[in-house]
Ligand SMILES: Nc1ncnc2c1ncn2[C@@H]1O[C@H](COP(=O)(O)OP(=O)(O)OP(=O)(O)O)[C@@H](O)[C@H]1O
Ligand SMILES: Nc1ncnc2c1ncn2[C@@H]1O[C@H](COP(=O)(O)OP(=O)(O)OP(=O)(O)O)[C@@H](O)[C@H]1O
Ligand code: SF4
Ligand SMILES: [Mg+2]
Ligand SMILES: [Mg+2]
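Residue numbers (this note's numbering), protein chains in the order written: chain C, 480 to 810; chain B, 10 to 327.
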């Protein structure tokens, strides 16, 4: 999964969070317990490419995104950006690089300062990096708001975050991330609060910027039909690990991991009469503190056999550029 | 069927620079006991505002006019004390933005203790037992009771919100985009749970969502809003097989598909009107493909197509 012209590359990335326990828990065990939110993840994204990161809620997608833009310190592993190891950068050096990589947060309200007018919030990155005169900056912001469908833009400029609807806020956060024309954007569920029509419009815009600026995205989403339009490749996460990786087409048409297959089968379609060939996963969603032995998916896996209980599967290539971590891949 | 909620000529206005912005403008509909009504519409059209008005959770200074009959009582007229007794216990809300509605300095268990013990005289232990059970039903292990909101993933926070809304078994749940951060497998589980609760306890749900697939799967009826107005109400099946309002048609046309041969994106040109200065005629007129002369100057009335079907569009006049 490593190619030469990658813009972003991660190797053996891990992030363990300490777990807080109630009184009873701490009486019984001493020493730390950890959630292995990201557990040995490696991939790379070529310049101009979009990697879609999908997977179970709580599987570590947001954590990967935050690690990549250096908002979290990894427990282990390395992160390269444009050939440079940025894992340990800090201070001024990190600030300079930040202009090139941006993140669109999953939770728009929490990432906007409540006392800053939204126009100013979008202008802020331009101010920090000293780009253009005040007038030029404001014009840029107004144009961006307009492109986001926040119209009339001058009325929106002076609003505060609490005066916006959920989807309007989400668009402000996208505008703020894109205004610097970055090279790499981590987009964490960027379109989740938008109706299908506005979503299509913003997808168009994001795809346009991808072409125009050769923008590279890590596109985290639960919406597999939206992912289809923008992603070149897909990585599927389950409990802190990437379990499948490949070109979108290969993965959608020929999912090799039983979890991916279940995921694709459960997409709700807007048709009341649609037959649901849904594969139901039995068993509890496992607890990331107390991981199952062998393959992490085995307690819920319809194809699990004995080997899966004892041996953790390694990533292997089932066809060209299509990788899966499963003892019994479906293709 | 008996109506649990009856909304009559409801108007909700925010105080903004330059006047009152009517985010919900003359909305009428009703929800039967045990029914699931899906509300869809363009971002910013007033869905959350409508939902918040059922619990009177609007910011100070906002205007609330019309009638909101819940179980026979008019919510608009209740005293502050009466509405507090209702919130969480009889009507609960799943908020669109979990991070801002969970208190960042309180652990998850403290959120449950507060919700439960405001209405029930239970010991901490009993209350936490209730909390663990309902958390388990949405796939959150009980250990997370000790976590702070920032220590949860987006979808875990969202499920905590759902669990908090369910824990007191209210009569009505207003769920505002409850599944946006859930993968489709977990989502299917949550939707199953919702259906089950409706069967077992006659739970009534107003489901605000952009996910038309979810609407198709769980809603009995669909209500479409555009720029503060209800533009269509229909049974789910008739809505998806034959939408009537031009906006409804545009919306369904924009739905992305999974066909790997088709990469065309469809979006509606133009923007919704400025709610502070809404146009005289139909609010959809500037973007409508089927507009007629009358649409530009006269606001369409609501026309009744059948016993259960309503549409606000001049095309259906007479
Ligand atoms: N700051 C933190 N402290 C402790 N645990 C954390 C923290 N952030 C995340 N976690 C835990 O790490 C795991 C992965 O979380 P993450 O937010 O990366 O998931 P996700 O894949 O983005 O999920 P979702 O799709 O629900 O947003 C979860 O179990 C979560 O509870
Ligand atoms: N507190 C407020 N003060 C002023 N205007 C507000 C306030 N809250 C919402 N608005 C405006 O009212 C309109 C309706 O907002 P609402 O949040 O109800 O929309 P929505 O349909 O839920 O949209 P979304 O799908 O994006 O969440 C929007 O145009 C918004 O800008
Ligand atoms: S009333 Fe006229 S403008 Fe409005 S939706 Fe109907 S046809 Fe279109
Ligand atoms: Mg996340
Ligand atoms: Mg909303």
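Cβ atoms here follow ideal geometry from the backbone N, Cα and C, with glycine treated the same way.
Item, Value
"For the beta strand (DSSP E) containing residue 589 of chain C, list its first residue and its last residue.", "That residue, residue 589 of chain C, is in no beta strand (DSSP E); it is neither H nor E in DSSP."
"Hey, residue 216 of chain B and residue 46 of chain B: beta-carbon distance below 8 Å or not?", "yes"
"Output the distance between the C-alpha atoms of residue 723 of chain C and residue 76 of chain B, rounded to the nearest integer angstrom.", "53 Å"
"If you count every other CB in all the chains shown that lies within 10 Å of the CB of residue 321 of chain B, and 16 or more means buried, which is it?", "buried"
"Could you tell me the alpha carbon to alpha carbon distance between residue 715 of chain C and residue 761 of chain C, rounded to whole angstroms?", "19 Å"
"Let me know the beta strand (DSSP E) ranges lying completely inside the segment 215-272 of chain B, each 3 residues or longer, listed in chain order.", "230-235, 238-244"
"Please tell me whether residue 666 of chain C has its Cβ less than 8 Å away from any Cβ of chain B.", "no"
"Counting along the chain, where does the beta strand (DSSP E) carrying residue 27 of chain B start and finish?", "Unbroken run through residue 27 of chain B: none, as it is neither H nor E."
"At a Cβ threshold of 8 Å, is residue 120 of chain B touching chain C?", "no"
"Any idea which residues DSSP pairs residue 564 of chain C with across the strands?", "C:559"
"How is residue 313 of chain B classed by DSSP in three states: helix, strand or coil?", "strand"
"Within 10 Å of its beta-carbon, does residue 331 of chain B have 16 or more other beta-carbons around it, so buried, or fewer, so exposed?", "Only positions 10 to 327 of chain B appear in the structure, and residue 331 of chain B is not among them; the question remains open."
"With hydrogens ignored, establish whether the beta-carbon of residue 696 of chain C is closer than 7 Å to any heavy atom of ligand 2.", "no"
"Cutting at 6 Å between CB atoms, please list the residues of its own chain near residue 481 of chain C, excluding the five before and the five after it.", "With a pLDDT of 48 at residue 481 of chain C, under the threshold of 50, the modelled position of that residue is not reliable, and the figure given next carries that caveat. Excluding residues within five positions, the ones whose Cβ falls inside 6 Å are 523."
"Quick one: using the 10 Å Cβ neighbour count with 16 as the cut-off for buried, is residue 743 of chain C buried or exposed?", "buried"
"To the nearest angstrom, how far is it from the Cα of residue 292 of chain B to the Cα of residue 260 of chain B?", "16 Å"
"Using the beta-carbon of each residue, which ones in chain B are nearer than 9 Å to residue 776 of chain C?", "Here the premise fails: no neighbours, minimum Cβ distance about 12 Å."
"Could I get the ranges of all uninterrupted beta strand (DSSP E) runs contained in the segment 44-87 of chain B, with 3 residues as the minimum, in chain order?", "45-50, 72-79"
"Any chance the CB of residue 236 of chain B is under 7 Å from a heavy atom of ligand 3?", "no"
"Establish whether the CB of residue 676 of chain C and some CB of chain B are separated by less than 8 Å.", "yes"
"Could you give the residue range of the alpha helix (DSSP H) that holds residue 544 of chain C?", "540-547"
"Using a Cβ cut-off of 9 Å, pull out every chain C residue sitting near residue 295 of chain B, in sequence order please.", "Result: empty, since nearest Cβ-Cβ is about 11 Å, beyond 9 Å."
"Taking the CB atoms as reference points, tell me whether residue 707 of chain C and residue 267 of chain B lie closer together than 8 Å.", "yes"
"Can you name, in chain order, every residue of its own chain whose Cβ lies under 7 Å from the Cβ of residue 490 of chain C, other than the five neighbours on each side?", "521, 556, 557"
"With a threshold of 8 Å between beta-carbons, can residue 254 of chain B be considered close to chain C, or not?", "no"
"Give the residues from the segment 137-155 of chain B that approach chain C closer than 7 Å (Cβ to any Cβ), ordered along the chain.", "148, 150, 152, 155"
"Across which residues does DSSP place residue 534 of chain C in a beta bridge pair?", "C:716"
"Rounding to the nearest angstrom, what Cα-Cα distance links residue 656 of chain C and residue 684 of chain C in this structure?", "13 Å"
"With a 10 Å radius around its C-beta and 16 neighbouring C-beta atoms as the bar for buried, classify residue 612 of chain C as buried or exposed.", "exposed"
"Between residue 807 of chain C and chain B, is any beta-carbon pair separated by less than 8 Å?", "no"
"Within the same chain, show all residues whose beta-carbon is closer than 6 Å to that of residue 311 of chain B, passing over the 5 residues directly before and after it, in chain order.", "319, 321"
"Given residue 200 of chain B, which residues of its chain have a CB within under 8 Å of its CB, disregarding the five upstream and five downstream residues?", "188, 223, 226, 227"
"From residue 74 of chain B to residue 238 of chain B, what distance separates their C-alpha atoms?", "15 Å"
"Just the Cα atoms here: how many angstroms apart are residue 734 of chain C and residue 593 of chain C?", "43 Å"
"Please report how far the alpha carbon of residue 563 of chain C lies from the alpha carbon of residue 206 of chain B, in whole angstroms.", "54 Å"
"Should residue 675 of chain C and residue 295 of chain B be called a contact, given that it needs their Cβ atoms to be closer than 8 Å?", "no"
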